[in-house]
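Below: the structure, in structure tokens.
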Amino acid sequence: MLANKSSSTLYKTVMMAQTQMRFFGVLPKLPKVELTMRTPYRTFFDSFNQFTRIYVHTQKGLIAIGNRSIPRIYLLPPGELTVKNIQSGDGNFSKSDSGLFIHTGGWLFVHDNNSIEVNLLECTEKENFAFEKLDNTQSQETETNAGRIAASLQDKTVKLLQRRR
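Residues 1 to 165 (the UniProt record's numbering) make up the sequence shown, in order.
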């Protein structure tokens, strides 16, 4: 009888511990997807939910992320980011009506509580991007001190690799 009670107590203790471990750190699901998009210098959206989905280019192609997406982490190469069906509301700090943004790369986190966090290095609204200045660059990479050092290191590395063959 005593052994039966102790095994029952042990079983209850183990089950309670496993249940607590299983639910440790789980946040409650949000009813609608929320977007937080920021750079080190500016926040475009903060817990913003007045949109339908976000389109981003990843290393594997264009993806659409919306409500109830699978939790993942994506590395974003430089390119365009689109937030569809933006409406004004709390958390919208961007000046864009179209939802089109140009960025220089970053990371996108889809959390299990139905929120999306986008951390970008640099970003601007596509309407404000100066496309005409892309072709007017006067300097080349090897004209700067860092560029000259990088070019010499690259030459030394190529020579070293050719010598080892």
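We put the CB at the ideal spot given by N, CA and C, even for glycine.
What you are looking at is a predicted structure, and each value in this text was computed from that prediction instead of being measured.
Which term fits residue i, buried or exposed, when burial requires 16 or more other beta carbons within 10 angstroms of its beta carbon?
i    : result
E132 : exposed
L134 : exposed
L160 : exposed
V83  : buried
T43  : exposed
V56  : buried
T13  : exposed
M1   : In this prediction, M1 has a pLDDT of 49, which is less than 50 and means its spatial position is unreliable; what the coordinates show is noted afterwards. Answer is exposed; the Cβ neighbour count stays below 16.
T9   : exposed
V158 : exposed
T124 : buried
For residue i, write down the residues that DSSP places opposite it in a beta bridge.
i    : result
G79  : H103
S115 : E34
V56  : I63, L81
F45  : M37, N92
E125 : F101
F109 : I73, E117
Could you round the C-beta distance between residue i and residue j to whole angstroms and report it? I think they count as a contact, below 8 angstroms.
i    : j    : result
L46  : T58  : The sequence shown places Asp at residue 46, not Leu. Their Cβ separation, rounded to whole angstroms, is 23 angstroms, which puts D46 and T58 out of contact at 8 angstroms.
E127 : S98  : 7 angstroms
L81  : H103 : 6 angstroms
Short check: CB of residue i to CB of residue j, under 8 angstroms?
i   : j    : result
N67 : N114 : yes
T39 : L100 : no
Q50 : G79  : no
V33 : I86  : no
Self-check item: Segment contact, 8 angstroms Cβ cut-off, at least three pairs: the stretch 95-110 with the stretch 145-159
Solution: The answer is no - the stretch 145-159 does not touch the stretch 95-110, with fewer than three Cβ pairs under 8 angstroms.
Practice problem: Indicate whether the contact test is met: 3 or more Cβ pairs, each with one atom in the stretch 86-96 and one in the stretch 56-74, closer than 8 angstroms. | Solution: no
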